[in-house]
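Numbering (our numbering), first residue to last: 2 to 154.
Using N, Cα and C, we set each Cβ at its ideal position, and we do this for glycine too.
For reference, the structure discussed in these notes is given below.
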Amino acid sequence: MNEKQNIIAEKILLVLKESNGHIRESDLLDKLESVDNSFNQLESTFVISRMIEDYKLIYRSKSWICLSSNGEVAINLGISKYIRKIHSNQRLDIKMKRLEVISKILSIIKDSHTILTIAVTAVCTSLIYTLSPNLKELLKLFLQWCKSIFFSS
């Protein structure tokens, strides 16, 4: 929201606080217009919808506009600080999600290294078992050769 819309939002929160947390929407718009003539109803209605949908500062209950617990926090902090806080929290959430994705990728790489090691071990073991009979034959030939050379008379 721009600066003027932030001012309108501040006024909306103050009017709601003064009226025990709830007021009819038409009365709210009239009070805003009486506070400052530069607040037109179209812009005020837009700010109300943003406060309801985007920031959850207020909510509709039948024909009433009511102050939410987030709205009370925004009154204490000020609307500009509250919105900055929400945006910084959203950025932190995005960064945390990125870190989670990176962590999962690294975990997959670590696990794939283990899986690769197991696969290579299995292949090498099977090669040893398949070469084993041939090695036995080679060993027998070598022993026969040794016997023929050393023990021939």
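Asked                                                                                                         : Found
Exposure of Lys32, with buried meaning 16 or more beta-carbon neighbours within 10 Å                          : buried
Span of the beta strand (DSSP E), counted from its first residue to its last, around Leu68                    : 65–68
Ala10 burial status per 10 Å Cβ neighbour count (16 or more: buried)                                          : buried
Beta bridge counterpart(s) of Ser62 as assigned by DSSP                                                       : Trp65
Sequence-distant residues of the same chain with beta carbon closer than 7 Å to Arg25, five excluded per side : Ser64, Trp65
Limits of the alpha helix (DSSP H) - the one that Met52 falls within                                          : 42–54
Buried/exposed call for Val48, threshold 16 Cβ in 10 Å                                                        : buried
Pair within 8 Å by beta-carbon distance, Ile76 and Lys18                                                      : yes
8 Å CB neighbourhood of Ser69 in its chain, flanking five on each side removed                                : Lys57, Leu58, Ile59, Tyr60
For Ile53 and Leu29, believed in contact at Cβ under 8 Å, the rounded distance                                : Leu29 to Ile53, Cβ: 12 Å. No contact.
Residue(s) in a DSSP beta bridge with Arg99                                                                   : Bridge partners of Arg99: none, in fact.
Spatially closest choice to Asp37 from Gly22, Arg51, Ile8, Ser62, by CA coordinates                           : Ile8
Candidates Ser113, Ser81, Cys67, Ile84: closest to Ser20 by CA position                                       : Cys67
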